[in-house]
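K.L.:
Shown below is the structure under consideration.
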Amino acid sequence: MATVTSQPGRTPLIAGNWKMNLDHLQAIAFVQKLAWSLKDAGHDFTSVEVSVFPPFTDLRSVQTLISADKLPLAFGAQDVSAHDSGAYTGEISGAFLNALECSYVIIGHSERRTLHGETDEQVADKVAAALRHNLIPIICVGETAEDLEQHGPSAVPVAQLRGALAHVTTAADIVVAYEPVWAIGSGQAATPEQAEQVAAQLRAVLVELLGQDVADKTRILYGGSVKAANIAGFMREPNVDGALVGGASLDLAEFASIVRYQKHVGL
Ligand code: PEP
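Just so you know, the sequence shown maps onto residues 1040 to 1306 in the working numbering.
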């Protein structure tokens, strides 16, 4: 029987990125049901952390519910402004997210990079803003199919991680999500071996830039068409410490099953 190889000191994280789905009322119902179904199944939240990333307009409702019912779920936002306050119409400050008790914020998701033209420099500024406001940035990196063909799997994610960490000089609490763009929403996930190969390269960058201690503690997630049927394979890899889940995070039973990967046959 294969063993689960999550490294000591790195609690696996299963993070659900809802993207622009579920309004605040739907969010309340979903989070309540998710917490109950995981509790009913006897999920040990200290062995696998669970976090949801609703749209901005849901965050206050999710915070109120989690806090009032003492639910063992973390939550965060899908983006943050690089600025702290001021004339930036439509943007959301890290200070506001911190005031809402967000633990995490996703930064540099491929949809932000592609659809909104976000650059490595902007990602770096947002990472710095998140850390200024005691939010843990989940830094997304990943290559397109074209990048893969031209440069292989690691070059672009490694360059994006270097760019994202441009202003990070001290020991920082960060999470890295390796999300090959060709695997996002395509139903065609990377293989566990492919994910491990890139995750190992990303960890080597962390060692070089932030030191061995930070690199050892930093969780590296895989994202891209993760489902209950394939999560266990990724979690067997020594440098993969969890998953950033898009589509499947909106299906309660599927997401709960992903969270409970340790109970799947073969683990
Ligand atoms: C994502 O958008 O971060 C993602 C991983 O999506 P999906 O799981 O749907 O591929």
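We treat Cβ as the ideally placed atom computed from N, Cα and C, and that holds for glycine.
1. Less than 6 Å between C-beta atoms, sequence neighbours within five positions excluded: which residues of the same chain meet that for Val1237?
2. Since Ile1145 contacts Ile1177 with CB under 8 Å, what's their CB separation in whole angstroms?
3. Using a Cβ-based criterion (distance less than 7 Å to any ligand heavy atom), does Glu1293 qualify as near ligand 1?
4. Measure from the alpha carbon of Thr1183 to the alpha carbon of each residue in Asn1173, Arg1152 and Gln1102, then state which is nearest.
5. Could you please give the first and the last residue of the uninterrupted alpha helix (DSSP H) stretch that includes Phe1095?
6. In three-state DSSP terms, what is Ser1090?
7. For Ser1124, which residues in the same chain have their Cβ closer than 6 Å to its Cβ, ignoring the five residues on either side in sequence?
8. Starting from Ala1216, trace the beta strand (DSSP E) both ways and give me its first and last residue.
9. Can you name, in chain order, every residue of its own chain whose Cβ lies under 8 Å from the Cβ of Leu1139, other than the five neighbours on each side?
10. Could you tell me the distance, in whole angstroms, from the CA atom of Ala1222 to the CA atom of Ala1228?
11. Using the beta-carbon count (16 or more within 10 Å), is Ala1287 buried or exposed?
12. Tell me the DSSP bridge mates of Pro1051?
13. So does Gly1262 have its beta carbon nearer than 7 Å to some heavy atom of ligand 1?
14. Would you report the Cα separation of Ala1167 and Val1215, rounded to the nearest angstrom?
15. Work out the CA separation of Pro1277 and Ala1041 for me, nearest whole Å.
16. Please tell me whether, using a cut-off of 7 Å, the distance from the CB of Leu1311 to the nearest non-hydrogen atom of ligand 1 is below it.
17. State buried or exposed for Lys1165, treating a residue as buried only when at least 16 other CB atoms are found within 10 Å of its CB.
18. Start and end of the alpha helix (DSSP H) containing Tyr1200?
19. Look at Tyr1261 and Ala1234 and say whether their C-beta atoms are less than 8 Å apart.
20. DSSP three-state call for Phe1084: helix, strand or coil?
21. Under the criterion of a Cβ to heavy atom distance below 7 Å, does Ile1223 qualify as lining ligand 1?
22. Where do the N-terminal and C-terminal ends of the alpha helix (DSSP H) with Gly1272 fall, by residue?
23. Output the distance between the C-alpha atoms of Asn1013 and Arg1299, rounded to the nearest integer angstrom.
24. By DSSP's criteria, Val1284 is part of a beta bridge. Which residues make up the other side?
25. Distance, Cα to Cα, Leu1249 vs Ala1210?
26. Which word fits Thr1044, buried or exposed, when buried means at least 16 other C-beta atoms lie within 10 angstroms of its C-beta?
27. In the DSSP assignment, find the unbroken alpha helix (DSSP H) run with Leu1064 in it and report its ends.
P.N.:
Checking against the coordinates, here is how it stands:
1. Within the sequence shown, residue 1237 is the residue found at index 198, counting from 1. Cβ-Cβ distances below 6 Å link Val1237 to Pro1192, Ser1193, Pro1196 and Tyr1217 in the same chain, with the five nearest sequence neighbours on each side left out; the list follows chain order.
2. Taking the first residue of the sequence shown as 1, we reach residue 1145 at position 106. Taking the first residue of the sequence shown as 1, we reach residue 1177 at position 138. Yes, they are in contact, since the Cβ atoms of Ile1145 and Ile1177 sit about 5 Å apart, within 8 Å.
3. Looking up residue 1293 in the sequence shown gives position 254. No, the beta carbon of Glu1293 sits no closer than 7 Å to any heavy atom of ligand 1.
4. Position 144 of the sequence shown holds residue 1183. Selected option, being the one with the closest Cα: Arg1152.
5. Counted from its first residue, the sequence shown places residue 1095 at position 56. Boundaries cannot be given for Phe1095, as no alpha helix (DSSP H) includes it and DSSP labels it neither H nor E.
6. Indexing the sequence shown from 1 puts residue 1090 at position 51. Strand, per DSSP.
7. Residue 1124 sits at position 85 when you count from the first residue of the sequence shown. Ser1132, listed in sequence order.
8. One-based indexing of the sequence shown puts residue 1216 at position 177. Unbroken beta strand (DSSP E) run through Ala1216: Val1214 to Tyr1217.
9. As a first step, residue 1139 must be located in the sequence shown, where it is residue number 100. Here the set comprises Leu1098, Arg1099 and Gln1102.
10. Position 183 of the sequence shown, counted from the start, is the residue given in the question as residue 1222. Position 189 of the sequence shown, counted from the start, is the residue given in the question as residue 1228. The alpha-carbon atoms of Ala1222 and Ala1228 are separated by roughly 5 Å.
11. Working through the sequence shown from its first residue, we reach residue 1287 at position 248. Buried, since its Cβ has 16 or more Cβ neighbours within 10 Å.
12. Counting from one through the sequence shown, the residue named residue 1051 turns up at place 12. In the DSSP assignment, Pro1051 forms no beta bridge with any residue.
13. Looking up residue 1262 in the sequence shown gives position 223. Checking the Cβ of Gly1262 against ligand 1 gives yes.
14. Taking the sequence shown and counting its residues from 1, one reaches residue 1167 at position 128. Taking the sequence shown and counting its residues from 1, one reaches residue 1215 at position 176. Taking the straight line from one Cα to the other gives about 14 Å.
15. Stepping through the sequence shown from its first residue, residue 1041 is reached at position 2. Stepping through the sequence shown from its first residue, residue 1277 is reached at position 238. The predicted position of Ala1041 is uncertain, since its pLDDT is 37 and thus under 50; no value can be drawn from it.
16. Within the shown structure, residues of the chain are numbered from 1040 to 1306, placing residue 1311 beyond reach of any answer.
17. Position 126 of the sequence shown holds residue 1165. Its Cβ being crowded by 16 or more others within 10 Å, Lys1165 is buried.
18. Walking along the sequence shown from the start, residue 1200 turns up at place 161. The question names Tyr, but residue 1200 is Leu in the sequence shown. Element bounds for Leu1200: Ala1194 to Ala1203.
19. Translated into positions along the sequence shown, residue 1261 becomes position 222. Translated into positions along the sequence shown, residue 1234 becomes position 195. Yes, Cβ-Cβ distance for Tyr1261 and Ala1234 is below 8 Å.
20. On the sequence shown, position 45 is the one that residue 1084 refers to. If DSSP states are grouped into helix, strand and coil, Phe1084 belongs with coil.
21. By 1-based counting over the sequence shown, the position of residue 1223 is 184. True, at least one ligand heavy atom lies under 7 Å from that Cβ.
22. Taking the sequence shown and counting its residues from 1, one reaches residue 1272 at position 233. Counting along the chain, the alpha helix (DSSP H) containing Gly1272 begins and ends at Ile1270 to Met1274.
23. This structure cannot speak to residue 1013, because the chain is shown only from 1040 to 1306.
24. Counting from 1 along the sequence shown, the entry for residue 1284 is found at position 245. DSSP output for Val1284 lists Gly1055 as bridge partner(s).
25. Indexing the sequence shown from 1 puts residue 1249 at position 210. Indexing the sequence shown from 1 puts residue 1210 at position 171. Approximately 6 Å between the Cα atoms of the pair.
26. Locating residue 1044 in the sequence shown gives position 5, counting from the first residue. Note that Thr1044 has pLDDT 47, beneath the 50 cutoff, so the model's placement of it is unreliable and no number is given.
27. One-based indexing of the sequence shown puts residue 1064 at position 25. Residues His1063 to Asp1079.
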